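Engineer: Starting off with a structure, shown below.
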Amino acid sequence: MTLSPLAPKGGFPTLPVIKGITFSAVAAGVKYADRNDVMLACAVAGSTVAGVFTKSATRAAPVLDCQEKLSVTLATDKPFAILVNSGNANAFTGSRGSGSVSAICQAVAEELNTDQACVFTASTGVIGEALPHDRIVAKISELNASLDANSAELAANAIMTTDTFAKGAAREIMIDGQPVKIAGFAKGSGMIAPDMATMLVYIFTDAKISQTMLQTILSQQTETTFNAITVDSDTSTSDSLMVIATGQSDAPEITTGQTADTFTAALHGVMLELAHLVIRDGEGATKFVTVKVTGAHSDASAKKVGLSIANSPLVKTAIAGEDPNWGRVVMAVGKAGEPADRDLLTISFGDILVAEKGWVSESYTEAAGAAYMKNDAITIHCDLGIGAGTSTVWTCDLTHQYITINADYRS
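Mapping the sequence shown onto this note's numbering, position 299 (from 1) lands on 386, and the numbers just tick up by one.
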């Protein structure tokens, strides 16, 4: 797989060790013959766990299992584990799919001397094919034996499918003079749309925080990060976002007030960076696109307009062709089904005013628009002029390579 031209120049970042977290990865031959395809992350007893998952009506068996486990307050006197395989989504596989999840969770629980309720799984890859879970179960002892606090990159690489690079991000904050670390990694390249997407995201922190508090913060921050990106408008059956807090930092427990605000800002930073990396690795992407909508009837209305623009094949192909076809943006605003007024709409490409007052701006030149579209990063700003609602979403362009990748996906 050719590396995305939007990939970070420095490669996978050096993530800080999170006290109480270890990783490993192995080649189980789930689909790929020449690479690691299963990762295990373990957290010490006393940790807390939170998660957000796809809203798809055809959720995969691992997602349903994780949602059920997180619907109650989890005991914290046992270790926690997350096992993820790539190459097979274990989705739309009937009772066999849930049986595979149960078999994997049981084997991991026995190996780590924990409860099945403390074991979470995820699968990513082809939908509708039975998961050869016996190949995974056979590797669990090896995964346990090779657990290491410095193997986050190894784990991140193991869960990739059509990704061209592993994605990681981290932050460190001070709370009452004590450091708190947050680090995570993600996979995602196609089938990316809000209400989660074909993303698997795992974030780890040494903060002390309750399950309820962690879940509240995570759910709130998802809306302006992972639920604000789209590659192709397709929502996956398998996406999962989980955060584990080990409580191993010497900082006081995060509850309310300034400590909660500081932690929330740092977690948001990690989540947003990972979300942007997913867009930068969008299948066939050559442009990173920011869509800002202001002056809408409400924030929710602004987001719908932004996603209408970001998901428009006509807008995205124009960007791929470096064509400043602002008429397609007008179209996307109009089809969003949200309050808008043609004569109040203002459109800009970067700092270039393109259209206003129901017509092309007198100051706009096609040459300036075309020159701007040659940038790797494009910003489209639409001000609807009817209210105070705002939203920002992110997407990428739509190229011939997207078709090639997805036409050949199973071959």
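Ideal placement from N, C-alpha and C gives every residue a C-beta, glycine not left out.
Note that the structure is a prediction, hence the values are computed from the model and not measured.
From the beta carbon of Ser450, is the nearest beta carbon of chain D less than 8 Å away?
Structural biologist: Among the chains of the structure shown, chain D does not appear; only one protein chain is present.
Engineer: State the Cα-Cα distance for the pair Cys153 and Asp386, rounded to the nearest angstrom.
Structural biologist: Against the sequence shown, residue 153 aligns to sequence position 66. Against the sequence shown, residue 386 aligns to sequence position 299. Approximately 31 Å, taken between the alpha carbons.
Engineer: Residues bridged to Tyr289 by DSSP?
Structural biologist: Sequence index remark: in the sequence shown, residue 289 carries index 202 (1-based). Paired residues: Phe272 and Met329.
Engineer: Are the CB atoms of Ile227 and Phe179 nearer to each other than 8 Å?
Structural biologist: Counted from its first residue, the sequence shown places residue 227 at position 140. Counted from its first residue, the sequence shown places residue 179 at position 92. For Ile227 and Phe179, no; Cβs fall outside 8 Å.
Engineer: Beta-carbon separation of Ile111 and Ser233 under 8 Å?
Structural biologist: The residue given as residue 111 occupies position 24 in the sequence shown. The residue given as residue 233 occupies position 146 in the sequence shown. Per the sequence shown, residue 111 should be read as Ser rather than Ile. In this structure, Ser233 lies closer than 8 Å to Ser111 by Cβ.
Engineer: For the stretch 157-204, list the alpha helix (DSSP H) runs that are entirely contained and at least 4 residues long, ordered along the chain.
Structural biologist: Segments of the alpha helix (DSSP H) lying fully in the stretch 157-204: 181-199.
Engineer: Report back the beta-carbon spacing between Val131 and Pro103 to the nearest angstrom; my notes put them in contact at under 8 Å.
Structural biologist: Walking along the sequence shown from the start, residue 131 turns up at place 44. Walking along the sequence shown from the start, residue 103 turns up at place 16. 17 Å between Cβ atoms; not a contact.
Engineer: With H, G and I counted as helix, E and B as strand and the rest as coil, what does DSSP make of Met247?
Structural biologist: Counting from 1 along the sequence shown, the entry for residue 247 is found at position 160. Coil.
Engineer: Are there 16 or more other CB atoms within 10 angstroms of the CB of Gly371, so buried, or fewer, so exposed?
Structural biologist: Numbered from 1 along the sequence shown, position 284 holds the residue referred to as residue 371. The residue is buried, with at least 16 neighbouring Cβ atoms inside 10 Å.
Engineer: What residues in its chain sit with their C-beta under 6 Å from that of Asn231, if we drop five residues either side in the sequence?
Structural biologist: By one-based count along the sequence shown, residue 231 stands at place 144. So the list reads Glu198, once near-sequence residues are dropped.
Engineer: Excluding the 5 residues flanking Ala347 on each side, which residues of the same chain have their C-beta closer than 7 Å to its C-beta?
Structural biologist: Along the sequence shown, read from residue 1 onward, the residue named residue 347 stands at position 260. So the qualifying residues of the chain are Ile341.
Engineer: For the beta strand (DSSP E) that Glu340 lies in, which residues bound it at each end?
Structural biologist: Start at 1 with the first residue of the sequence shown, and residue 340 comes out as number 253. Segment: none, Glu340 is in no beta strand (DSSP E) and carries neither H nor E.
Engineer: Note down the Cα distance separating Lys391 from Ala423, rounded to an integer number of angstroms.
Structural biologist: Counted from its first residue, the sequence shown places residue 391 at position 304. Counted from its first residue, the sequence shown places residue 423 at position 336. Straight-line Cα distance between these residues: approximately 6 Å.
Engineer: Leaving out five residues on either side along the sequence, give the residues of the same chain with a beta carbon under 7 Å from the beta carbon of Thr68.
Structural biologist: Within the shown structure, residues of the chain are numbered from 88 to 498, placing residue 68 beyond reach of any answer.
Engineer: Give the DSSP-derived three-state secondary structure of Ala253 in the structure shown.
Structural biologist: Taking the first residue of the sequence shown as 1, we reach residue 253 at position 166. Ala253: coil per DSSP, three-state reduction.
Engineer: Return helix, strand or coil for Gly138, following the three-state DSSP convention.
Structural biologist: Along the sequence shown, read from residue 1 onward, the residue named residue 138 stands at position 51. The answer is strand: DSSP assigns Gly138 an E or B state.
Engineer: Is the beta carbon of Gly271 closer than 8 Å to that of Asp250?
Structural biologist: In the sequence shown, residue 250 corresponds to position 163, counting from 1. In the sequence shown, residue 271 corresponds to position 184, counting from 1. Going by C-beta atoms, Asp250 is not nearer than 8 Å to Gly271.
Engineer: Give a yes or no on contact between the stretch 443-457 and the stretch 405-419, applying the rule of three or more CB pairs nearer than 8 Å.
Structural biologist: Yes, the stretch 443-457 touches the stretch 405-419.
Engineer: Considering Met418, what are the terminal residues of the alpha helix (DSSP H) in which it resides?
Structural biologist: Indexing the sequence shown from 1 puts residue 418 at position 331. First-last of the alpha helix (DSSP H) with Met418: Trp413 to Lys422.
Engineer: Helix, strand or coil: how does DSSP classify Ala209 here?
Structural biologist: As a working note, residue 209 is residue 122 in the sequence shown. Three-state DSSP puts Ala209 in a strand.
Engineer: Starting from Phe436, follow its DSSP beta bridges and name the residues at the other end.
Structural biologist: Position 349 of the sequence shown, counted from the start, is the residue given in the question as residue 436. DSSP lists Ile439 and Ile467 as partners of Phe436.
Engineer: In three-state DSSP terms, what is Ala112?
Structural biologist: Along the sequence shown, one-based indexing puts residue 112 at 25. Residue state, collapsed to three classes: strand.
Engineer: Using CA coordinates, which residue listed in Thr135, Ala427, Glu155 and Ala362 is at the minimum distance from Ala257?
Structural biologist: Taking the first residue of the sequence shown as position 1, residue 257 is located at position 170. Of Thr135, Ala427, Glu155 and Ala362, the residue nearest in Cα terms is Ala362.
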